[in-house]
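To keep things clear, I will list the structure first and then write my remarks on it.
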Amino acid sequence: MGIATWLRGRKVTASIVVVSVLVAIPVSFAILHDGFPVTDVTLDAKDVWVTNGSELLAGRLNRQIEELDAAVQTVSNEIDILQHGDTVVLHDLTGSTIEMIDPSFTTLVQ
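Residue numbers (this note's numbering): 64 to 173.
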């Protein structure tokens, strides 16, 4: 009967202790947890444009998957690609013309 009598006399103290423990446990886990690793994603284009004069093609080579994922038809086999970031220019050496390639749709733009 000693514990029951002691608890009856100290209900407020027991309630405060129980609530404090219930709050302290999740707060302690939150403070001590290191968190989860986050991947830092770079959104820069990793594409390289290449030419194939024998097939009259210029294509986008995706280096991450080692595969051609787009191509445009050219009119000459003497072609060159000039690339700076997202700007891609097709230079036809025979006709001395320059056409921009829209990388989004893989189309030639005048």
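Glycine residues also receive a C-beta, built at the ideal position from the N, C-alpha and C atoms.
- Taken in chain order, the unbroken stretches of beta strand (DSSP E) that lie wholly in the segment 102-149 and span 3 residues or more are 110-115, 120-125, 130-136 and 142-147.
- Pairing Leu124 with Thr137 gives a Cβ-Cβ distance that is not under 8 Å.
- Comparing C-alpha distances from Asp165 to each of Val151, Asn140, Ile142 and Val75 shows the shortest one belongs to Val151.
- By the Cβ neighbour-count rule, Val80 is exposed, with fewer than 16 other Cβ atoms within 10 Å of its own.
- Annotation: Glu129 to Val84 spans about 57 Å, alpha carbon to alpha carbon.
- Nearest Cα to Ile142 within the set Leu131, Leu95, Ala67 and Ile161: Ile161.
- Leu171 sits in a strand when the DSSP states are folded into three classes.
- An exposed status is given to Val75, since fewer than 16 other beta-carbon atoms sit within 10 Å of its beta-carbon.
- In the three-state reduction of the DSSP assignment, Leu95 falls in the helix class.
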